[in-house]
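Numbering-wise, the sequence shown is residues 20 to 128 according to the numbering used here.
Structure first, then comments.
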Amino acid sequence: MPWLLLFAAIVAEVVATSLLKSTAGFTRPGPSVLVVLAYGAAFVLLSHCLKRMPVGVVYAVWSGLGVALITLVAWIFLGQSLDAPALAGLALIVGGVVVINVFSKAAAE
């Protein structure tokens, strides 16, 4: 269950971050409310994960997958271009998350 909550927290954070530009500096009420709600949901869900999982593991997965997902969203939906070094960097980030979760004993604490 904590892994599901963590994934939901990451998705909520990616949604919020994806909508930030549409707030126009928080001058547009609709997108602004959605951003605040999505970030609020992300942090509530994240706090529940921390009841059962080590903070280092949670933060590594949160930040690593969050960076990778927001980059993919920006590429697919917002027209951001990705070159070879950007793709290599993303692969290293995702690889680091996999190493922590598959090989580290810290993930099992």
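Glycine is no exception: its CB is placed at the ideal position from the N, C-alpha and C atoms.
Residue environment analysis places Gly-83 among the buried positions, since at least 16 neighbouring C-beta atoms fall within 10 angstroms of its C-beta.
Spatial neighbours of Trp-94 in its own chain (CB-CB distance under 7 Å, excluding positions within 5 residues in sequence) are listed in chain order as Leu-101.
Asn-120 is positioned such that its CB atom lies no closer than 8 Å to that of Val-92. Taking a 10 Å sphere around the C-beta of Thr-46, we find fewer than 16 other C-beta atoms and assign the residue as exposed. Contact annotation: Ile-112 and Thr-36 have beta-carbon atoms that are not nearer than 8 Å. Taking C-beta separations shorter than 6 Å and ignoring five residues to either side along the sequence, the partners of Ala-28 in its chain run Ala-61, Leu-64, Leu-65, following chain order.
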